[in-house]
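Chemist:
Residue numbers (full-length UniProt numbering), protein chains in the order written: chain A, 1 to 384; chain B, 1 to 384.
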């Protein structure tokens, strides 16, 4: 376990300097001075696993390729799968040109690891087919997250839950929802110190969670509004430019919670193997491109000081702290954009409590990276 | 007290259709069908009070004029005051052209009501001068909010605290901070039903709270980023376009709370005359123009159901409810933009509690209107 943590920690400091969306600040880029000099091509090697990417044309599918390259993931072969519409198109990867193949029930023969991100219904239909063919499915959809017997994994948090899964014997492993991953990267080290009893989360979620088209909708609407034209909502029901709104996932009309909020509740309990932790969440979509932020209030079983919290966070792999009270400098979504790490700040004793069992914090993480593709590739790394 | 409430309630449904910033949606405008047909010119009348506007060229100063007009506020004379730089310029109001005068210590002779919004240091210096000259100062700055003996007023919440103040005898009345007003418009009716013990607030605050230049910075940076140019932070320390950040007010380095957050704590206690209510807040600036949103978790002394909460909210003047779970339609900043009312939704029992003493809600209110100018003019109305 120790060597795993070290390995993840070293990788977590690597930075990706390509300024997708032109949204990175100089300040954020400066943080990349901590990056390790690594060969950033994936490692094609005859004894590596055979990989399939399901949904390669989507935002997360593309990020799978970026992350595999960045992390020098060993593979002997890679198959790029998508719908019939995209089959036949080409895709560059690791210096070679691949032809995208149509995803079918026969796609998984000989595949060791299949990274799925093609939506819940495709996962539901073809995930078990792939597992039956002997592949280990790492599924980014919500299809199997709460299924008993399917491990729900954040590699820094609960790698032990997938210890029984080995390459060569088919299985499904679920990637948690982005908001859950980002929250638990920050909260788990504190939970280990003082045991979280109750979490109250308000999110500030980026467009990317709803896919590349949602990011484009935000761009186009913003242009239109700045030009004095009316914004045209397509994917979302209300104007997104210079606005924010309750998360667009389906709502439990009886409870009044949406699916995004319930994922935070249920997935946390499964990942922590703790059915008693109390959670409430309000999930809000904000006009930001690809990194989520979360304001988190925590109530603990035991006392915890700010110093203990910061120490635990600083030791946790995949977490960076920006907590400069003097200069009022704390994490922003742009700090986290395209970064591997989750950024934590505003760590402080909750003044609404008379005891020492409360903390407030503010967390930012890249929704496509640690919230999706990176976490899935880290799961695949645990199989090596 | 009853007739006051009715009068505020009627006015609260009036809408302002001018689409400042081009940011209003058709849907938001539709809500204006509830508007009352009123003469929308202010009422110049020989027996009305003499008014002064201090800081008339600022965002809130300009909104004072809009609100006075919209609400048909009676006045016999109006004096428009600003710094020497703006003195001599002209300003249209209610069909007449006024010359802006330089603000000096002698500006307040004969003035009955002075609406101040020219920053804390000017309020500190000239507020007491105006009061000594016999004017009632309604001050929008934070200069006197926590001063003993100065009423801190939300007209729908604690009008009784200024009952002793009458036109003709100088006094200072403080307008609360925007985040406090917007939160307490939603929370006070619930507090009256079940007594709030603890509030956990996460804000989504608009550019306007930092003034017109901050709104322009958001516009300009957004244009630049969309054009692939670097964003140039000027007023705020980090990029604002497609980003969000911890509120830019000064921070108590020891506590780790910023001034905006502490205002919510301290002002709520003063307005409710309740020193025991517990509050924690995380204040975040989001890329939205002029309406704040707040995610609020409430813990009560006594049981409260969703139905009781909605009933109390529906009866409270100045509150509109958008709480359509079936269609996932809840308040957005654009719903509140240029509107008098504060919009409340996502009202639901807190599932992180085993008892019936918890609620979550989401609130939006126009920062310049109910968060500043409208609340101040409503205070002035209580003096009539």
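Ideal Cβ positions, reconstructed from N, Cα and C, are used throughout, including at glycine. Predicted model, so just to flag it, every value in this text is computed and none were measured.
To test your reading of the DSSP string, which unbroken alpha helix (DSSP H) runs of 4 or more residues are found completely within the stretch 238-275 of chain B?
Modeler: Runs of the alpha helix (DSSP H) inside the stretch 238-275 of chain B: 259-271.
Chemist: Label residue 327 of chain A either buried or exposed according to how many other C-beta atoms from any shown protein chain fall within 10 Å of its C-beta, with 16 as the threshold for buried.
Modeler: It counts as exposed.
Chemist: Taking only beta-carbon positions, decide if residue 212 of chain A is within less than 8 Å of chain B.
Modeler: Taking Cβ atoms only, chain B never reaches closer than 8 Å to residue 212 of chain A, which makes this a no.
Chemist: Can you name, in chain order, every residue of its own chain whose Cβ lies under 6 Å from the Cβ of residue 98 of chain B, other than the five neighbours on each side?
Modeler: So the list reads 80 and 91, once near-sequence residues are dropped.
Chemist: Under the assumption that residue 204 of chain B contacts residue 264 of chain A (Cβ atoms under 8 Å), give the Cβ distance between them as a whole number of angstroms.
Modeler: Contact doesn't hold; Cβ gap of about 18 Å is too wide.
Chemist: Are the beta-carbon atoms of residue 271 of chain B and residue 361 of chain B separated by less than 8 Å?
Modeler: It is not a contact, given that the beta carbons lie outside the stated cut-off.
Chemist: If we count Cβ pairs, one from each stretch, closer than 8 Å, do we get three or more for the stretch 159-168 of chain B versus the stretch 162-175 of chain A?
Modeler: No, the stretch 159-168 of chain B does not touch the stretch 162-175 of chain A.
Chemist: Quick check: residue 181 of chain A and residue 375 of chain A, are their CB atoms within less than 8 Å of each other?
Modeler: It is a contact, given that the beta carbons lie within the stated cut-off.
Chemist: Residues of chain A with CB under 7 Å from residue 289 of chain B, in chain order?
Modeler: Those within 7 Å of residue 289 of chain B in chain A are 242.
Chemist: Output the distance between the C-alpha atoms of residue 46 of chain B and residue 56 of chain B, rounded to the nearest integer angstrom.
Modeler: Their backbone Cα atoms lie some 23 Å apart in a straight line.
Chemist: Within this structure, are the beta carbons of residue 113 of chain B and residue 383 of chain B separated by less than 8 Å?
Modeler: Going by C-beta atoms, residue 113 of chain B is nearer than 8 Å to residue 383 of chain B.
Chemist: Using a Cβ-Cβ cutoff of 9 Å, what residues of the stretch 307-333 of chain A are near chain B? List them in chain order.
Modeler: Here the close residues are 323, 325, 326, 327, 328, 329, 330, 331, 332 and 333.
Chemist: Are the beta-carbon atoms of residue 76 of chain B and residue 109 of chain B separated by less than 8 Å?
Modeler: Cβ distance not < 8 Å, so residue 76 of chain B and residue 109 of chain B don't count as in contact.
Chemist: Consider the Cβ of residue 126 of chain B: report whether some Cβ of chain A lies at a distance smaller than 8 Å.
Modeler: Closer than 8 Å: no.
Chemist: Do you know how far the Cα of residue 135 of chain B is from the Cα of residue 149 of chain B?
Modeler: So the alpha carbons of these two residues sit roughly 16 Å apart.
Chemist: I believe residue 111 of chain B touches residue 43 of chain B by the beta-carbon criterion, under 8 Å. Please report the beta-carbon distance rounded to the nearest angstrom.
Modeler: No, residue 111 of chain B and residue 43 of chain B are not in contact; Cβ-Cβ is about 18 Å, not under 8 Å.
Chemist: Whose C-alpha, out of B:194, B:248, B:224 and B:252, is nearest the C-alpha of residue 242 of chain B?
Modeler: Checked all of B:194, B:248, B:224 and B:252; the closest Cα to residue 242 of chain B is B:224.
Chemist: Taking residue 369 of chain B as the query, report the chain A residues whose CB atoms sit under 9 Å from its CB, ordered along the chain.
Modeler: Simply none; closest approach about 17 Å.
Chemist: List the residues of chain A whose Cβ lies closer than 7 Å to the Cβ of residue 202 of chain B, in chain order.
Modeler: Near residue 202 of chain B (Cβ distances below 7 Å), the residues of chain A are 202 and 295.
Chemist: For residue 308 of chain A, tell me which candidate among A:322, A:342, A:237 and A:191 has the shortest Cα-Cα distance.
Modeler: Out of A:322, A:342, A:237 and A:191, A:191 has the C-alpha closest to the C-alpha of residue 308 of chain A.
Chemist: What's the C-alpha gap between residue 22 of chain B and residue 346 of chain B?
Modeler: Note on residue 22 of chain B: pLDDT 34, under 50, position unreliable in the model; the coordinate value appears next. In a straight line, the C-alpha of residue 22 of chain B is about 27 Å away from that of residue 346 of chain B.
Chemist: On the criterion of 16 or more Cβ atoms from any shown chain inside 10 Å, does residue 377 of chain A qualify as buried, or is it exposed?
Modeler: Buried: at least 16 other Cβ atoms inside 10 Å.
Chemist: Could you list which residues in chain B have their beta carbon closer than 7 Å to that of residue 248 of chain A, in chain order?
Modeler: Correct list: 328.
Chemist: Tell me whether residue 216 of chain A is buried or exposed, calling it buried when 16 or more other Cβ atoms sit within 10 Å of its Cβ.
Modeler: Exposed, by the Cβ-count rule.
Chemist: Can you give me the C-alpha to C-alpha distance between residue 212 of chain A and residue 60 of chain A, rounded to a whole angstrom?
Modeler: Straight-line Cα distance between these residues: approximately 9 Å.
Chemist: Could you tell me the alpha carbon to alpha carbon distance between residue 83 of chain A and residue 174 of chain A, rounded to whole angstroms?
Modeler: If you take the alpha carbons of residue 83 of chain A and residue 174 of chain A, they lie about 22 Å apart.
Chemist: Comparing alpha-carbon positions, which option in B:310, B:89 and B:122 lies nearest residue 386 of chain B?
Modeler: No statement about residue 386 of chain B is possible, as the shown extent of chain B runs from 1 to 384 and does not include it.
Chemist: Does residue 236 of chain A get closer than 8 Å to chain B when you measure Cβ to Cβ?
Modeler: False, the Cβ-Cβ gap to chain B never drops below 8 Å.
Chemist: When you compare the CB of residue 352 of chain A with every CB in chain B, is at least one pair closer than 8 Å?
Modeler: Yes, residue 352 of chain A counts as interfacial toward chain B.
Chemist: Okay, do the stretch 356-371 of chain A and the stretch 290-297 of chain A touch, 3+ Cβ pairs below 8 Å being the bar?
Modeler: Result yes; three or more Cβ-Cβ pairs closer than 8 Å.
Chemist: Roughly how many angstroms lie between the CA atoms of residue 305 of chain B and residue 348 of chain B, to the nearest whole one?
Modeler: If you take the alpha carbons of residue 305 of chain B and residue 348 of chain B, they lie about 8 Å apart.
Chemist: Less than 8 Å separating the beta-carbons of residue 127 of chain B and residue 144 of chain B?
Modeler: Cβ distance < 8 Å, so residue 127 of chain B and residue 144 of chain B count as in contact.
Chemist: Distance, Cα to Cα, residue 107 of chain A vs residue 321 of chain B?
Modeler: The alpha-carbon atoms of residue 107 of chain A and residue 321 of chain B are separated by roughly 51 Å.
Chemist: Going along the chain, which residues of its own chain have a beta-carbon closer than 6 Å to the beta-carbon of residue 395 of chain B, five neighbours each way excluded?
Modeler: What the structure shows of chain B is the stretch from 1 to 384, and residue 395 of chain B is not part of that stretch, so it cannot be assessed.
Chemist: For residue 348 of chain B, go through chain A and note every residue whose CB falls closer than 8 Å to its CB, in chain order.
Modeler: Ordered by position in chain A, the residues that pass the 8 Å Cβ test against residue 348 of chain B are 255, 256 and 257.
Chemist: Which residue wins for smallest C-alpha separation from residue 312 of chain B, given the options B:301, B:330, B:281 and B:344?
Modeler: Residue B:344 is the option with its Cα nearest to residue 312 of chain B.
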